[in-house]
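Take a look at the structure below.
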Amino acid sequence: MVRVKLKRKHLELLLESLENNPSPKVGLEQYPTHNRVAATLLFMAAYTFNDIEGKVVYDLGCGNGKLALGAAALGARRVVGVDVDPSVLMVAKHNAKKIGVEDRVEWISKSKS
Numbered sequence: 384m385v386r387v388k389l390k391r392k393h394l395e396l397l398l399e400s401l402e403n404n405p406s407p408k409v410g411l412e413q414y415p416t417h418n419r420v421a422a423t424l425l426f427m428a429a430y431t432f433n434d435i436e437g438k439v440v441y442d443l444g445c446g447n448g449k450l451a452l453g454a455a456a457l458g459a460r461r462v463v464g465v466d467v468d469p470s471v472l473m474v475a476k477h478n479a480k481k482i483g484v485e486d487r488v489e490w491i492s493k494s495k496s
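Numbering-wise (our numbering), the sequence shown opens with residue 384 and increments by one.
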């Protein structure tokens with residue numbers, strides 16, 4: 384399959400379309416990554432270092448899934464998003480379905496005891 388290279392600006396627009404965490408918990412340090420920063424980081428990982436396409440990517444502390452889903456959009460074979468907060472993973476799952484990558488993304492949560 385031939386993949387079309389996604390432009391950084393288009394990736395940023397895709398990330399802007401994602402739903403954010405409606406109730407961030409400061410105690411869990413749930414701060415959103417800015418879309419431009421996320422797009423630039425993902426673009427460099429994908430096209431400068433060849434670290435995304437066809438690979439398995441883990442996003443630890445994934446929150447709403449912004450970096451995980453960006454990696455999936457850039458051609459990761461499989462993405463695993465991990466977060467301690469199961470409620471924010473509901474947002475991430477919704478976002479994965481919204482952009483059509485839910486078949487390549489797995490979400491894992493283990494609540495604090």
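Cβ coordinates follow ideal geometry from the N, Cα and C atoms, glycine included.
Checklist entry - Using DSSP with H/G/I as helix, E/B as strand and the rest coil, what is E485? => result helix
Item to check | Close beta carbons around L398, own chain, < 7 angstroms, minus the five adjacent residues each side | outcome: N418, A421, A422, K449 and G453
Item to check | Whether P405 touches V467 by CB criterion (9 angstroms) | outcome: no
Checklist entry - Taking just the CA atoms, how far does V484 sit from A429? => result 17 angstroms
Item to check | Burial state of D442 (16 or more Cβ within 10 Å) | outcome: buried
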